[in-house]
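Here is the structure we will look at, set down as structure tokens.
Protein chains: 2
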Amino acid sequence: MKKTNNDEASDEQLAHLYQGLHQVCSAIVNSTSEDELFPRICEAVVNSGLFRLAWIGMVEDSTDQVRIVAQFGAGSEYLDSLSISTNPGSKFSRGPTGTAIREGRAVWCQDFQSDPTTEPWHERGMRFGWRSSAALPLFRDGRAVGTLTLYAHTTNAFTEQAQKLLLATARDVDQALKLFSIEILKDKALEDLKNSFKRLHRSWLQTVEMTMAITDARDPYTSGHERRVAEIAVAIANEMGLDTGTIEGIRVSGYLHDLGKIGVPAEILTRPGRLSEPEFELVKTHSERGYKILKEVDFPWPVAEVAYQHHERLDGSGYPRGLKGDEILLEARIMAVADVVESMASHRPYRAGLGIERALTEIERGRGTAYAPTVADTCMALFREKGFRIPD
Amino acid sequence: MKKTNNDEASDEQLAHLYQGLHQVCSAIVNSTSEDELFPRICEAVVNSGLFRLAWIGMVEDSTDQVRIVAQFGAGSEYLDSLSISTNPGSKFSRGPTGTAIREGRAVWCQDFQSDPTTEPWHERGMRFGWRSSAALPLFRDGRAVGTLTLYAHTTNAFTEQAQKLLLATARDVDQALKLFSIEILKDKALEDLKNSFKRLHRSWLQTVEMTMAITDARDPYTSGHERRVAEIAVAIANEMGLDTGTIEGIRVSGYLHDLGKIGVPAEILTRPGRLSEPEFELVKTHSERGYKILKEVDFPWPVAEVAYQHHERLDGSGYPRGLKGDEILLEARIMAVADVVESMASHRPYRAGLGIERALTEIERGRGTAYAPTVADTCMALFREKGFRIPD
Numbered sequence: 003m004k005k006t007n008n009d010e011a012s013d014e015q016l017a018h019l020y021q022g023l024h025q026v027c028s029a030i031v032n033s034t035s036e037d038e039l040f041p042r043i044c045e046a047v048v049n050s051g052l053f054r055l056a057w058i059g060m061v062e063d064s065t066d067q068v069r070i071v072a073q074f075g076a077g078s079e080y081l082d083s084l085s086i087s088t089n090p091g092s093k094f095s096r097g098p099t100g101t102a103i104r105e106g107r108a109v110w111c112q113d114f115q116s117d118p119t120t121e122p123w124h125e126r127g128m129r130f131g132w133r134s135s136a137a138l139p140l141f142r143d144g145r146a147v148g149t150l151t152l153y154a155h156t157t158n159a160f161t162e163q164a165q166k167l168l169l170a171t172a173r174d175v176d177q178a179l180k181l182f183s184i185e186i187l188k189d190k191a192l193e194d195l196k197n198s199f200k201r202l203h204r205s206w207l208q209t210v211e212m213t214m215a216i217t218d219a220r221d222p223y224t225s226g227h228e229r230r231v232a233e234i235a236v237a238i239a240n241e242m243g244l245d246t247g248t249i250e251g252i253r254v255s256g257y258l259h260d261l262g263k264i265g266v267p268a269e270i271l272t273r274p275g276r277l278s279e280p281e282f283e284l285v286k287t288h289s290e291r292g293y294k295i296l297k298e299v300d301f302p303w304p305v306a307e308v309a310y311q312h313h314e315r316l317d318g319s320g321y322p323r324g325l326k327g328d329e330i331l332l333e334a335r336i337m338a339v340a341d342v343v344e345s346m347a348s349h350r351p352y353r354a355g356l357g358i359e360r361a362l363t364e365i366e367r368g369r370g371t372a373y374a375p376t377v378a379d380t381c382m383a384l385f386r387e388k389g390f391r392i393p394d
Numbered sequence: 003m004k005k006t007n008n009d010e011a012s013d014e015q016l017a018h019l020y021q022g023l024h025q026v027c028s029a030i031v032n033s034t035s036e037d038e039l040f041p042r043i044c045e046a047v048v049n050s051g052l053f054r055l056a057w058i059g060m061v062e063d064s065t066d067q068v069r070i071v072a073q074f075g076a077g078s079e080y081l082d083s084l085s086i087s088t089n090p091g092s093k094f095s096r097g098p099t100g101t102a103i104r105e106g107r108a109v110w111c112q113d114f115q116s117d118p119t120t121e122p123w124h125e126r127g128m129r130f131g132w133r134s135s136a137a138l139p140l141f142r143d144g145r146a147v148g149t150l151t152l153y154a155h156t157t158n159a160f161t162e163q164a165q166k167l168l169l170a171t172a173r174d175v176d177q178a179l180k181l182f183s184i185e186i187l188k189d190k191a192l193e194d195l196k197n198s199f200k201r202l203h204r205s206w207l208q209t210v211e212m213t214m215a216i217t218d219a220r221d222p223y224t225s226g227h228e229r230r231v232a233e234i235a236v237a238i239a240n241e242m243g244l245d246t247g248t249i250e251g252i253r254v255s256g257y258l259h260d261l262g263k264i265g266v267p268a269e270i271l272t273r274p275g276r277l278s279e280p281e282f283e284l285v286k287t288h289s290e291r292g293y294k295i296l297k298e299v300d301f302p303w304p305v306a307e308v309a310y311q312h313h314e315r316l317d318g319s320g321y322p323r324g325l326k327g328d329e330i331l332l333e334a335r336i337m338a339v340a341d342v343v344e345s346m347a348s349h350r351p352y353r354a355g356l357g358i359e360r361a362l363t364e365i366e367r368g369r370g371t372a373y374a375p376t377v378a379d380t381c382m383a384l385f386r387e388k389g390f391r392i393p394d
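So the protein lines, in turn, are chains H and Z.
Counting from 3, one number per residue, gives the positions in the first sequence under this note's numbering.
Counting from 3, one number per residue, gives the positions in the second sequence under this note's numbering.
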């Protein structure tokens, strides 16, 4: 029974077909991967009512075999160990699916049982009642990579209208495959960039640490001072609830706050005795020297400014500029306290370490005058109540 | 004339409707932005044949006014200076569109001319022959942000089936809006990460330069040596056609190849006279010292190894390990030539600069014995034929 596309039955069928295709399209819109999409397509095509079985197969490049990746409908056992090849030498390559992939065009087999190209599947198809079959190639990057293959219980199931609609649907599926590919590439690009960023970030932090180690090495008596100051400052910042970015900036600032000492003669830095007034003035230049070196680097934090300000005191009694209160960055107020605590607690060439208690007493004494109250309180609580210790 | 959804006309209409909706869906699949999608939707809806005019409006949050962003169909002049509000206080808010957005539900106005809610538009609608109108809310993040609004020339244009299909389509549009939003967010995330990467990369390179400057400052007589060696090495690498990544590695290696001099007393480094044998042996330790410091940093290039090898010579006559031929990295072979050229051409405390010609004569003399032939040839061609000069 040949059907035309403008009799009554055809309108009803067409409505069904459109409904099915709308479902396919809706599935495309609502899917984010082939694994999600393909079963939905097969189901929607069968739900259109015109076809009994629908499956999607993809070519395995290594074997030329078509692998079934999704299926839906009555008689799906038909597919059990079904052999379909795209290799032109194989007799299993001349049916609709093999031809559709090899030639990159839709194949409409309107009379399955009398078509010589479907001969290898006649017996099996008879058992399931196939009278028509079609295979629509699916394209990726312009290459047929698989098919949507359909079976119906009537001959001539593929009217001109049905063919047009099925072809339009196949192009929508192609578009989906393309979008999924782009999506995968984009996700991969983002993932790769994230990893590169992590590696660069680590390399950069290690470079900062290397720079710290180089300058630190000039004065063996204060070895590790910068790292320990950084650890104390980070602990205070953490306790104060500062955000991750600011805390990272404090770590880097701690590592580099004494960088300017590179400009002060090592003989003066490491001298065990008391420094003369001019010598001490020379040591005090390290804040500004550090600032001048560090400001050449576009850090995302005020690293140079912290180096400049870490000897400033809340009441204006610090150096080099005698800044007061809010003129001093929060990061520098934290660094000042961490620096004093580390310096007093550690051994120096001219004295043994005074111990953490003496250091904290100094912070307590200067709370609100030399040192910012919140920073001082947080520091004291860290050591006295939370069991924090200066790391080795 | 009330239509049911199972008479003949209904099947035909339904097929049309499905066709239109399939087009909408296809438009969604094939669009990548709202600007692209919205006109296609309006066109597809009108092409279904059931509606005369379709438009999409989005709420402007600042004014509560609905702004028309796409339209298609006969009588689109109806929309000229049409006022629709979502503000409940406005009489222009009670029609299908305003209600759909305010209440987040589809509004089916089956008899436009006798509906009191459409009163402000009765006269205008009469001129265009509107008998039915519907507004389907479009949602983003669960909030109605706009509508798809339709007009028909018959009353009761929205059969139960048509309503169902239009609603399904509106949900597909919602999904598209969601996907577009995700896409925009992803693109933005990628863009942001790219920018962060660039900033970090610059900051990192500046940190490397800072480290170079710090160590360079210890020996004023060779000031700028590292940077100039890097420039010569990069020029050779460029001329040899090495890839961008390798060339960046050569730049960084050039900046840091003498870092180990930090461990050699400045008095020896800067002494004008000839060094004693033990003093020279001490200077020669800078290769390995540099290596030991630099290997702590996970550079994406063999920066530490280049520092270690930059005094090795092709024939094994170099130091510290007496490596030969392929045992020496290409980057180190390039650095060796650049280092010799810069050192000979520049002034030293114990002699005036020998000039570039003398330096090139040395490279020529050692070509194939001390220096890799390709590197030596490229270097000589650069200076003698391509007009390259050592930068200041």
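Ideal Cβ positions, reconstructed from N, Cα and C, are used throughout, including at glycine.
Item, Value
"Among residues of its own chain, excluding the 5 on either side of F390/Z, which ones have a beta-carbon nearer than 6 Å to its beta-carbon?", "A237 and L384"
"Beta carbon of L261/Z, beta carbon of L296/Z: below 8 Å?", "yes"
"Can you tell me whether T209/Z is buried or exposed, with buried defined as 16 or more other CB within 10 angstroms of its CB?", "buried"
"Between I295/Z and chain H, is any beta-carbon pair separated by less than 8 Å?", "yes"
"Which residues, in chain order, does the region 202–220 of chain Z contribute to contact with chain H at a C-beta distance below 8 Å?", "L202, H203, R204, S205, W206, Q208, T209, V210, E211, M212, T213, A215, I216, T217 and A219"
"What are the partner residues of T149/H, as DSSP defines its beta bridges?", "G59/H and P139/H"
"K263/Z: buried (16+ other C-beta within 10 angstroms of its C-beta) or exposed?", "buried"
"According to DSSP, simplified to helix, strand and coil, what is A11/Z?", "Bear in mind that a pLDDT of 49 at A11/Z, under 50, signals an unreliable position, so the number given afterwards is only what the model happens to contain. Residue state, collapsed to three classes: helix."
"Check this for me: beta carbons of Y411/Z and R54/Z, under 8 Å apart or not?", "Here chain Z comprises residues numbered 3 to 394, so residue 411/Z is not present and cannot be evaluated."
"I want to verify the contact list: residues of chain Z whose CB lies under 7 Å from the CB of Y20/H, in sequence order.", "A17, Y20, Q21 and H24"
"Could you tell me if T120/Z is buried or exposed, where buried requires 16 or more neighbouring beta carbons within 10 angstroms of its beta carbon?", "buried"
"Could you check how far apart the C-beta atoms of G320/H and E314/H are, in whole angstroms? I think they sit under 8 Å.", "4 Å"
"Hey, does F141/H have any beta-carbon neighbour from chain Z nearer than 8 Å?", "no"
"Between N49/Z and the rest of its own chain, which residues show a CB-CB distance below 7 Å, the 5 nearest in sequence each way excluded?", "G22 and Q25"
"Does the separation of the CB atoms of A159/Z and A137/Z fall below 8 Å?", "no"
"Exposed or buried, what is P375/H when buried is set at 16 or more other beta-carbons lying within 10 Å of its beta-carbon?", "exposed"
"Can you tell me which of T248/H, Y223/H and E45/H puts its alpha carbon nearest to the alpha carbon of S345/H?", "Y223/H"
"Name the one or two DSSP bridge partners that Q208/Z has.", "Note: Q208/Z sits in no beta bridge, so no partner."
"A72/Z by DSSP, collapsed to three states: which one?", "strand"
"Are the C-beta atoms of I43/Z and some chain H residue less than 8 Å apart?", "no"
"With distances taken Cα to Cα, identify the nearest neighbour of R42/H among I58/H, G51/H and L52/H.", "I58/H"
"Counting only Cβ-Cβ distances shorter than 8 Å, please list the residues of the region 241–264 of chain Z near chain H, keeping chain order.", "L261 and I264"
"How many angstroms separate the CA atom of L179/H from the CA atom of T99/H?", "19 Å"
"For I298/H versus L331/H, is the C-beta spacing smaller than 8 Å?", "What sits at residue 298/H in the sequence shown is Glu, not Ile. Their beta carbons are not under 8 Å apart, which means E298/H does not touch L331/H by this criterion."
"Using the beta-carbon of each residue, which ones in chain Z are nearer than 8 Å to A232/H?", "By Cβ distance, chain Z contributes nothing, its closest Cβ being about 16 Å from A232/H, past 8 Å."
"Give the range of the alpha helix (DSSP H) segment to which V308/Z is assigned.", "V305 to Q311"
"In three-state DSSP terms, what is S87/Z?", "strand"
"Does P274/Z pass the burial test, meaning 16 or more other C-beta atoms within 10 Å, or should it be called exposed?", "exposed"
"Kindly say whether F160/H, judged by its beta-carbon, lies nearer than 8 Å to any beta-carbon of chain Z.", "no"
"Mind listing, in chain order, the continuous alpha helix (DSSP H) runs of no fewer than 4 residues lying wholly within the region 255–298 of chain Z?", "268–271, 279–286 and 288–296"
"Does A178/H get closer than 8 Å to chain Z when you measure Cβ to Cβ?", "yes"
"What residue range is occupied by the uninterrupted alpha helix (DSSP H) comprising P98/H?", "P98 to E105"
"Does P118/Z pass the burial test, meaning 16 or more other C-beta atoms within 10 Å, or should it be called exposed?", "exposed"
"Examine chain Z for any beta-carbon lying closer than 8 Å to the beta-carbon of A374/H, and answer yes or no.", "no"
"Could you check whether the region 71–82 of chain Z touches the region 199–214 of chain Z, counting it as contact only if at least three pairs of C-beta atoms, one from each stretch, sit closer than 8 Å?", "no"
"Three-state secondary structure (DSSP) at Q112/H?", "coil"
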